[in-house]
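In our numbering, the protein residues as written are 18 to 441. Note that the Cβ used here is the ideal one computed from N, Cα and C, for glycine as well. Remember, predicted model here, so these are calculated numbers, not experimental data. Report on the following structure.
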């Protein structure tokens, strides 16, 4: 079936009243035109080159576009370009430089919500939904995000195009919004993904387009949460499998999706609570996995079971500390994600609080500061006793500008490390 025929067939199958109809037929084609433009830049490559994109010159959909730049910060990409129409709708000024600057409950926040799906799918992702914006207006929108690369391999830019219709009507607190558009594939039920603000009446449909906007395929939803069908009565293995599935989503996003990480840790925490109530089952799971229980760090085996024993050790330590904080503060089943989202610093806030609790009331000791104070009044060495070719000497600059050697460090490995640093 030809591409235009697929479009016509899909449009014919759409319900009469839906989000897409509210936006309008011509505007619905905007994201298809954007996708065709993206395809025209491929030139046989997996991703178009960022050098070939000139967003400011695209009068057709440029005003409705945004360009995200991951080259400076993978966790907080820059907004290299924001179209005039989006700026006007969101009331943006020139201070918006990164994703973290994007106002919540704005149309732009809806577009940027989905960029991590591009990293996971390595293909364009389309979406459409309704939401209530910062002015309390009902907004119907449809858009597409498309990956670009500076080296032909790494996705380090994402170009997004979005169109919308503002009903202009203030939404009452108890108002209900019409159901969102069913996905272009006729059979699957639409999946939903929460927005950054957990706004009311959001029904968000995502499509991973490997070969085109209307290609056959599964609907991609990185927030597919197995926990939604689990209860405290489910078996311990069920909780572990659900937590592992969520952890795989998190790892496929290379740790850059906070929502995916919180989902995975939330399931890991619920698994740990279930394990406390089923100690025999938990011991059997540990034995089967070859993971040892740790009395001093009981959450470390939990993290290893969920994320893998070969997962980054520093991350295992961080996650286990966060889970330990949740246990100490008696966070309940299913409450971890909400609690961490309300905490300043998120997971790092949990970790900081837990480490402070372990220290008790004793402040952290700055060993380097104490050493400086000690050597500040040390007598200069009259001679050094090293016999090798090199030695590590500690010098102090005095108030008059003179230099005194005040200590000699007798540590061969440390000397070697300093030599390597000095020679580089």
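Buried or exposed by the 16-neighbour rule on C-beta atoms within 10 Å, applied to residue i
i	result
residue 123	buried
residue 53	exposed
residue 348	buried
residue 106	buried
residue 367	buried
residue 3	Residue coverage of the chain in this structure runs from 18 to 441, which leaves residue 3 outside it and unanswerable.
residue 57	exposed
residue 431	exposed
residue 165	buried
residue 177	buried
residue 402	exposed
residue 420	exposed
residue 280	buried
residue 96	buried
Residue interval of the beta strand (DSSP E) (run including residue i)
i	result
residue 165	154-165
residue 146	142-149
residue 308	First-last for residue 308: undefined, no H or E at that position.
Residue i in three-state terms, based on DSSP
i	result
residue 426	strand
residue 86	strand
residue 384	helix
residue 414	strand
residue 183	strand
residue 174	strand
residue 329	coil
residue 348	coil
residue 420	strand
residue 74	helix
residue 66	strand
residue 59	coil
residue 431	helix
residue 112	coil
residue 409	strand
residue 395	coil
residue 402	coil
Cβ shell of residue i (< 6 Å), same chain only, five flanking positions each side left out
i	result
residue 321	308
residue 80	100, 101, 102
residue 410	422, 425
residue 395	423
residue 217	Low confidence applies here, because residue 217 scores a pLDDT of 30, under 50, leaving its location unreliable and the question unanswered by this model.
residue 371	338, 341, 342
N-terminal and C-terminal residue of the alpha helix (DSSP H) that residue i is part of
i	result
residue 373	364-376
residue 99	Note, residue 99: premise wrong, no alpha helix (DSSP H); beta strand (DSSP E) at 95-99.
residue 317	316-324
residue 253	253-269
Reference residue i, options the options, closest by Cα
i	options	result
residue 393	374, 370, 423	423
residue 288	313, 352, 332	352
residue 310	119, 328, 337	337
residue 65	364, 141, 125	141
residue 171	358, 283, 119, 88	88
residue 71	125, 62, 61, 55	55
residue 133	432, 61, 92, 120	92
residue 414	295, 397, 139	397
residue 275	181, 362, 73	362
residue 433	420, 418, 405, 419	405
residue 148	159, 138, 139	159
residue 323	354, 441, 286, 75	286
Heavy atom of the ligand PLP within 6 Å of residue i beta-carbon
i	result
residue 172	The ligand PLP is absent from the structure shown, which contains no ligand whatsoever.
Close-in-space but distant-in-sequence residues of the same chain around residue i (CB under 7 Å, 5 per side omitted)
i	result
residue 183	154, 156
residue 314	337
residue 436	407
residue 59	65
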